[in-house]
Every structure is written in structure tokens, then in C-alpha cells.
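If you're matching positions, the sequence shown starts at -13 in this note's numbering and goes up one per residue.
C-beta atoms are modelled at their ideal positions from N, C-alpha and C, and glycine is treated no differently.
Beneath this line is the structure, given in C-alpha cells, with notes to follow.
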Amino acid sequence: SEKLVADAERMLQQIPEPSVGVQSITRAVRVGAAFMEIIEYAQSQQIDLIVIGTHGRSGFAHILMGSVAERVVRKAPCPVLSVKPEGHQFVSP
């Protein structure tokens, strides 16, 4: 578990610093049920926006495993921006 946390912390350090107009980026590594940890952290830290990646699972895989991103979108105390993996096109609503 400690190795996973260390690996996750290294990956977070690779996120670029904020662009012009972005006040700050909060990075955190938590252990537990992913969607619950994200929501609890956002509430406790009064986060303004959650940015979360999606795997793009659908059908049976989605039914079996659920979607962390979907649960976060439904329960988050703030807006959520979900980002699809590379190779997907942006679709306007």
C-alpha cells in the first residue's frame, strides 16, 4: 500500500503548475473507496472544481464495476469536469 501511495504522489508531481487565471491546484493522495474519498476531500477542503478522468467503460463492464467519475458527478459538492482519454473528440451538448 505504501508503494502505491508513493507512486501516486510521484504521478501527481507531474501535473503542470497552474496556467494564467488559475489560482491554485490542490493535489492529494487518499486511501479508501475512490469516489467517497474524493467527495469527502472536496467537502472538507471547500474545493471549487473537481477534474476527473474517465476510462470510457460501458455496457457490462460499467454495470459490474460502476464508474468513479459518474458517482463523483452525482454526489460532488462542487462542479465536476470529466476528461476522456486521448483520442476522443469533444462533443457539444
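If the five residues before and after residue 15 are omitted, its C-beta is found closer than 8 Å to the C-beta atoms of -9, -6, -5, -2, all from its own chain and listed in chain order.
Secondary structure of residue 36 (DSSP, three-state): strand. Proximity to residue 65 across 27, 35, 25, 4 peaks at 35, based on C-alpha coordinates. Here residue 28 is buried: its Cβ has 16 or more other Cβ atoms, across all protein chains shown, within 10 Å.
Linking residue 24 to residue 6 through their CA atoms gives a straight-line distance of about 25 Å. Here residue 8 is exposed, its C-beta having fewer than 16 other C-beta atoms within 10 Å.
Restricting attention to 40, 12, 41, the CA atom closest to the CA of residue 30 is found in 12. Within the same chain, Cβ atoms closer than 6 Å to the Cβ of residue 21 are found at 54, 57, 58, the five residues on either side in sequence being excluded. The continuous beta strand (DSSP E) containing residue 69 extends over residues 66 to 69.
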